[in-house]
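Notes follow once the structure below has been shown.
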Amino acid sequence: MSVRLKTLVILKGYPRLSETFIAQELLGLERAGFDLTLISMRKPTDKKRHPIHDEIKARVVYLPEYLHEEPIRVFRALMASRKKPNFKPLLLRFWKDLRRDMSRNRIRRLGQALVLAHEWPDAGEWLHAHFIHTPASVARYASIMTDVPWTCSAHAKDIWTSPDWELIEKLGAARWSVTCTRAGFEHMRELTNRKEQVHLSYHGLDLARFGYFSGVRPSRDGSDSSDPVQILSVGRAVPKKGYDILLQALALLPVRLHWRFVHIGGGDELARLRPLAEKLGIADRITWKGALAQEDVLLHYRSADMFALACRVAADGDRDGLPNVLFEASSQNLVCISTNISGIPELLTGGENGFVVPPEDPRLLAVALERAIREPDLRYRLGKAAEKRVREHFDHNSSIRQLTRLFESEWQKP
């Protein structure tokens, strides 16, 4: 029987509606026989949860999100840690980091790591961090304190908004790291001499949860005001999603072209996007649904005619990797229109299985939208090709098998 060590998985927050790719992986690992405890750095803020969250059996432990909110818990951890032989090496590591990142965030990660190392839930034997920025900091500090090894899954924002010095040092300290796009993979490999310990692992999609769509979509072409083309987008309203660009592109469409736009997702930018839609004169064609559970999102994929996501690199460097919603929409043979940043071209090829345009360009995005609206036969052909690519190349079980091999390669060492 394969070795399975008790693994503490450090997460930014849990559960989170926007991180179905992580929940999908956690469930896949549990089904593969992994014994997990989830360590969440903050409590959930979403009012809803996906059904997959209820299927995950792992216990969840919440660290103090802000140290001043649980001072007794933090104080006990600090007092106990001072007596341990690894406390001094941890402080040396922390001071070195703090000199380069003089922030409350850095102090918070040390406090959370001390609480984790002191309480040490369920006699953990391995640490795994999801995201190479703050969760990996907690994992690294806790690893120094406990001598328990750690590994890491990096994604998108965490890679591109972290300074190189920090990535270099974490890649040197973790036993191995994985990431979910070739762009991120190549960037991480450039930063480390341990290139063989950086791996590419696409999250993919749980195809059992996103089964074949056997329905037939109407051949809407934007000519009938009583039956407009249905455009869908799913994503948090944050700068990297480019919703202001998408709204500008929609406003550039010919007046006599009939369409409706549905947005699913929460996010702070909604307060700015709604007035922008009013200003652009398209507010009456838009429905803002807010955050929805996965089963409701699936119904919207199946009732839509096309999917749009105008991803961009935000001012702070934040960007998507390969958005899971593009996998989800494609699995339902729904044609996708997106941009050529990060890992998106690893899924979509313009003219073959979708529409791909440069970011930050409402005019070119509008051209793609108009063509997709006017040509239902093209939408069908591209959507079917995208579905074929997802089902043949992005089954999440491949990622679970790869992760299993990586963990076992460490756990079976003498």
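Counting the sequence shown from 1 gives a position; my numbering is that position plus 1324.
Glycine included, C-beta positions come from ideal geometry on N, C-alpha and C.
The structure presented is a predicted model; accordingly, all values stated were derived computationally and were not measured.
Residue range of the alpha helix (DSSP H) that includes residue i
i       : result
Trp1419 : Phe1411 to Arg1424
Trp1444 : Neither: Trp1444 is in no alpha helix (DSSP H) and is coded neither H nor E.
Thr1458 : Thr1458 to Thr1470
Thr1344 : Thr1344 to Arg1355
Leu1402 : Pro1395 to Ser1405
Lys1603 : Leu1594 to Leu1604
Leu1574 : Tyr1567 to Ala1575
Pro1375 : Pro1375 to Glu1379
Limits of the beta strand (DSSP E) - the one that residue i falls within
i       : result
Trp1583 : Trp1583 to Ile1588
Ile1661 : Cys1660 to Thr1663
Ala1453 : Trp1450 to His1454
Ile1610 : Ile1610 to Gly1614
Ile1334 : Thr1331 to Leu1335
Top-ranked residue by Cα proximity to residue i, from the options
i       : options                               : result
Ala1696 : Pro1409, Val1540, Leu1581 and Gln1436 : Leu1581
Glu1443 : Asp1421, Val1558 and Val1398          : Val1398
Glu1676 : Ser1666, Cys1660, Gln1521 and Ile1569 : Cys1660
Pro1647 : Cys1635, Gly1641 and Ala1639          : Cys1635
Asp1719 : Ser1655, Leu1689 and Met1469          : Ser1655
Ala1447 : Leu1362, Thr1505, Thr1673 and Tyr1465 : Leu1362
Asp1545 : Pro1700, Ser1723 and Ala1347          : Pro1700
Glu1349 : Arg1609, Ile1724, Gln1736 and Lys1737 : Ile1724
Arg1643 : His1479, Asp1551 and Lys1708          : His1479
Ser1722 : Trp1484, Tyr1465, Gln1521 and Ser1525 : Ser1525
Arg1596 : Asp1620, Ala1561, Val1621 and Ala1628 : Ala1561
Arg1373 : Asp1620, Lys1420 and Pro1563          : Asp1620
Ile1468 : Val1540, Leu1414, Arg1705 and Ile1431 : Leu1414
Ala1639 : Ser1405, Ala1437 and Thr1485          : Thr1485
His1392 : Arg1424, Val1586 and Asn1429          : Asn1429
Ser1550 : Phe1537, Ala1575 and Trp1583          : Trp1583
Gly1678 : Leu1529, Ala1709 and Gly1496          : Ala1709
Ala1463 : Gln1436, Asp1488 and Pro1552          : Gln1436
Arg1423 : Ala1382, Glu1490, Ile1456 and Asn1410 : Glu1490
Leu1730 : Glu1593, Phe1358 and Gly1559          : Phe1358
Gln1618 : Thr1611, Thr1331 and Phe1345          : Phe1345
Ile1588 : Leu1623, Pro1599, Leu1600 and Ile1606 : Leu1623
Arg1405 : Leu1438, Ser1427, Ile1396 and Val1384 : According to the sequence shown, residue 1405 is Ser rather than Arg. The residue with the shortest Cα to Cα distance from Ser1405 is Leu1438.
Glu1711 : Pro1682, Leu1600 and Leu1658          : Leu1658
Val1385 : Glu1510, Leu1332 and Gly1591          : Leu1332
Gly1707 : Ser1364, Arg1609, Arg1541 and Asn1517 : Arg1541
Asp1685 : Ala1615, Tyr1704 and Leu1633          : Leu1633
Ile1606 : Gly1591, Leu1616, Arg1626 and Val1579 : Val1579
Asp1568 : Leu1604, Val1502, Arg1705 and Trp1474 : Leu1604
Pro1445 : Met1403, Cys1476, Ala1382 and Val1681 : Ala1382
Arg1609 : Gly1667, Ile1431 and Val1553          : Val1553
Asp1488 : Glu1670, His1511 and Gly1566          : His1511
Gly1590 : Ala1615, Pro1599, Leu1402 and Gly1566 : Ala1615
Arg1705 : Ser1543, His1523 and Glu1520          : Ser1543
Distance CB(residue i)-CB(residue j) smaller than 8 Å
i       : j       : result
Leu1557 : Phe1631 : Correcting the residue type first, residue 1557 is Ser in the shown sequence and not Leu. It is a contact, given that the beta carbons lie within the stated cut-off.
Leu1577 : Leu1693 : yes
Thr1267 : Ala1441 : This structure does not reach residue 1267, given that the chain is present from 1325 up to 1738, and the question cannot be answered.
Thr1505 : Gly1645 : yes
Ile1665 : Val1691 : no
His1454 : Ile1334 : yes
Thr1458 : Arg1433 : yes
Leu1727 : Leu1387 : no
Leu1341 : Ile1380 : no
Tyr1390 : Pro1368 : no
Leu1689 : Ala1573 : yes
Ile1555 : Phe1585 : yes
Val1649 : Gly1559 : yes
Asp1482 : Ile1456 : yes
Leu1571 : Ala1601 : yes
Val1714 : Leu1529 : yes
Ala1466 : Lys1494 : no
Trp1612 : Leu1329 : no
Asp1629 : Arg1703 : yes
Chain D within 8 Å of residue i, Cβ atoms only
i       : result
Asp1644 : Annotation note: the requested chain D is absent from the structure, which comprises a single protein chain.
Residue i - partner residues in DSSP beta bridges
i       : result
Tyr1386 : Ser1364
Ser1478 : Going by the sequence as given, residue 1478 is Ala instead of Ser. According to DSSP, which records beta bridges pairwise, Ala1478 is partnered with Thr1503.
Asp1719 : Leu1529
Ile1555 : Phe1585 and Met1630
Thr1728 : Partner(s): none; Thr1728 has no beta bridge.
Any non-hydrogen atom of the ligand MN within 7 Å of residue i CB
i       : result
Ala1638 : Within the structure as shown, the ligand MN is missing, as the structure has no ligands at all.
Could you tell me which whole alpha helix (DSSP H) segments of length 4 or greater appear in the segment 1496 to 1553? 1506 to 1514
Enumerate, from N- to C-terminal direction, the unbroken beta strand (DSSP E) stretches of 3 or more residues contained entirely within the segment 1646 to 1690. 1660 to 1663 and 1679 to 1681
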